[in-house]
Amino acid sequence: MAGLSPDRALTLLFPLLRLSLWGTPLPDAVKQETRLLNESDWEVLISVAKNQSVTGLLFQAVDSLPEDIEIPDKTLVQLAVMADRIEASYRRISTASEIVLTELRNEGLNPVVMKGLSCASWYPRPELRQSGDIDIYLPKLPTKSGRHFQTSPDGSLHFQQDGVDIDIHSRYFDIHHHTEYLPSVPSPEAEWMMISLHILKHATTSGVGLRQICDAALLWKILPDNSKASLPIIFKATHTMRWHLLLFSFLEDYFHIQNPLRHISSKPLLSIIAHGGNFGHHSTSRSRLLKAPSFIRKADTAFRFLLRIPFSLRFAPREILPTIKELTTGNLQHAFTADSHSILH
């Protein structure tokens, strides 16, 4: 067979992810194709999984493959080493999280963990969910910790705990309009809207990867029935129904989630995922830019947002102007004045 292309590798990755997440057996055709993969093909598949930040799930899938599917030894070793690193990172991040959360609670605050570690708890093997930092929601920001905080362009506070990046946010939802209809925090409905709108935010800017889509798929599976029933009302009230039609159609097509809404073509989201996995960090141009001065990085983010205007007009038209304002008055202004300014509490 011809060498595995990145596009075909992405297609092959979906049934492997379903095997990891749900234990869904591979279709016979996928089994046969997997048997024929050589070492070079596996390199392509691992590269795509890495770009999408789901290497741990690929390792789990390979570990669950039928015994009659032989995997090259080099591939097995490579995946095992990568999985060990992901597990070590998970342990380090979990320990740092406990220290910070205890500190904040001792200050009389009520921190809510967002994204990363919270999402990991939904996975069959949480330690294989790749995480990079810790996001915490606090409507009232800390004042007694004695820590040295940096203010990020979006207004969140940033610091490190034992080498782990911590971001404290005073805003829970990535949305600017009709916020009065959003559910209270914490709640299952609020968590869904936070995850979904965070995916939308990155889909309209730097790109989004399968790790975030897996988070949404897992969360929807465990949501209580009454929450699932009430969410479409929230979609309509917050004018995010178009986006949710696309997201649920994608979840139906590729993760076999029961779609509570009308099905539409999921190709627009598939295209963004294919080209912008892991917030676009894997692309050569973006990788170079991440090492560039702050104002260049922020200008690139603004440029990527402009390229996504057709997508935004179709699925999030009300968010375009607020996002432009945020990029201008937050990211770009912040980047040109200084990489970040600090406040000492």
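Just so we're aligned, residue 470 is where the sequence shown starts under the numbering used here, counting upward by one. Ideal Cβ positions, reconstructed from N, Cα and C, are used throughout, including at glycine.
Looking at the DSSP output, D634 sits in a beta bridge with D602 and Q629.
Distance from the Cα of H645 is smallest, within the candidate group A785, E502 and A743, for A785. In terms of Cβ geometry, I726 and W689 form a close pair [threshold 8 angstroms]. If you keep only unbroken alpha helix (DSSP H) runs of at least 4 residues inside the region 678-744, you get 679-691, 694-706 and 710-724. Under the three-pair Cβ rule at 8 angstroms, the region 525-533 does not count as touching the region 563-570. Using a 10 angstroms sphere on the CB of G525, the tally of other CB atoms reaches 16 or more, which defines it as buried. For T480, the three-state secondary structure derived from DSSP is helix. The region 533-549 makes contact with the region 500-516, as at least three CB pairs between them are under 8 angstroms.
In the DSSP assignment, V582 falls outside any alpha helix (DSSP H) and lies within the beta strand (DSSP E) extending over V581 to M583. The region 677-688 and the region 630-638 do not touch, with fewer than three beta-carbon pairs separated by less than 8 angstroms.
Here DSSP, grouped into helix, strand and coil, assigns F642 to coil. A residue is called buried when at least 16 other Cβ atoms come within 10 angstroms of its Cβ; L720 meets this threshold and is buried. The C-beta of S665 has 16 or more other C-beta atoms within 10 Å across all chains shown, which makes the residue buried. With contacts defined by Cβ atoms closer than 8 angstroms, L738 and L714 do not form a contacting pair.
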